[in-house]
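Chemist: Below you will find the structure I want to go over with you.
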Amino acid sequence: QKNKMNCIFCKIAKKEILAKIVFEGNDILAFDDIEPKAKIHVLIISKKHISSVVDLKLEDRKMVAEIFLAAQKIAREKRILKTGFRVLVNYGKDAGQTVNHLHFHLLGGEKLPFA
Ligand code: 5GP
Ligand code: ZN
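With this note's numbering, letter number 54 in the sequence shown gets 52, and the count goes up by one each step, no holes.
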């Protein structure tokens, strides 16, 4: 998981392992989290391997914009625009980051903790 050779999200991006895909764009992919922490829990990832949010470069800005547009589109499709949702990134030990490939969590469908 340190390199992209055996990165689980790279494998999902290349459709080498299965995920419940909810949206696909040019540079991004969104799929249901395998262990949902809320009624709606979607992960939005870059197709390109980027290890974490602190490895982003200015040249990645179009991809990051795509991530937020995907989030609003998925939220609309899943009918949580009215009730609300959260988009978040975990970085490092204290946040509990477990996968070293850039991903944004889209959470909703119920009252979320840590509001
Ligand atoms: P992190 O804690 O790194 O921000 O979040 C990683 C997330 O990826 C976790 O919520 C975990 O459930 C999810 N996850 C880990 N492996 C897989 C997988 O193989 N498939 C899917 N769909 N989600 C995964
Ligand atoms: Zn990767």
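Glycine included, each C-beta is placed from N, C-alpha and C at the ideal position.
Values in this document were obtained by computation on a predicted structure and should not be read as measured data.
1. Please classify Glu22: does DSSP put it in a helix, a strand, or coil?
2. Can you tell me the Cα-Cα spacing of Ile38 and Leu104, whole angstroms?
3. Beta-carbon separation of Gly23 and Leu67 under 9 Å?
4. Quick one: Cα of Gly94 to Cα of Arg59, how far?
5. Over the uninterrupted beta strand (DSSP E) stretch that includes Arg84, give me the two end residues.
6. Kindly provide the chain-ordered list of residues whose Cβ lies closer than 6 Å to any non-hydrogen atom of ligand 2.
Modeler: The answer reads as follows:
1. strand
2. When rounded, the distance between both Cα atoms is 8 Å.
3. In this structure, Leu67 lies closer than 9 Å to Gly23 by Cβ.
4. Their Cα atoms are separated by approximately 25 Å.
5. 83 to 86
6. Chain-ordered list of matching residues: Lys2, Cys5, Phe7, Cys8, His47, His99.
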